[in-house]
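In what follows, a single structure is set out as structure tokens and then discussed.
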Amino acid sequence: QVQLVESGGGLVQAGGSLRLSCTASGSIFSINAMNWYRRAPGKQRVLVAAITSGGNTNYADSVKGRFTISRDNAKNTVYLQMNSLKPEDTAVYYCAVDTVGLGPDYWGQGTQVTVSS
Numbered sequence: 063q064v065q066l067v068e069s070g071g072g073l074v075q076a077g078g079s080l081r082l083s084c085t086a087s088g089s090i091f092s093i094n095a096m097n098w099y100r101r102a103p104g105k106q107r108v109l110v111a112a113i114t115s116g117g118n119t120n121y122a123d124s125v126k127g128r129f130t131i132s133r134d135n136a137k138n139t140v141y142l143q144m145n146s147l148k149p150e151d152t153a154v155y156y157c158a159v160d161t162v163g164l165g166p167d168y169w170g171q172g173t174q175v176t177v178s179s
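For the sequence shown, the positions run 63 to 179 when this note's numbering is used.
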């Protein structure tokens, strides 16, 4: 079992920045990829960014050049630095981890990010 606790969401004006954090506990030795997803109002949850245990990253086209995912394995924490935020980035952001190589199998509770215009 892996427990995930997110923090860092909030309200920000367009053009501003936020940094989300997600700390894992429990069976952390089994974590492979760490991911950030988001669900905007009325839309499906989508992948925002992912980082493998080796540090390879992947981003949704909509956030490339603005968001940066990173992880600190010593702290069992993944971060999402979000710059140049837009109103369309408003969503609940979820941290998720993959422990068996078949996609995310543990999820955080979500943190709200609201970008005002």
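Cβ atoms here follow ideal geometry from the backbone N, Cα and C, with glycine treated the same way.
If you check the CB distance, R133 and M144 do not come in under 8 Å.
Here the region 154–170 lies against the region 92–109, with 3 or more beta-carbon pairs under 8 Å apart.
With 16 or more other Cβ atoms from the protein chains shown falling within 10 Å of its own Cβ, E68 counts as buried. Residue state for V177 is assigned as strand, using DSSP reduced to three classes. Looking from the CA of V162, the closest CA among R81, L82 and A95 belongs to A95. Boundaries of the beta strand (DSSP E) around D134: F129 to D134.
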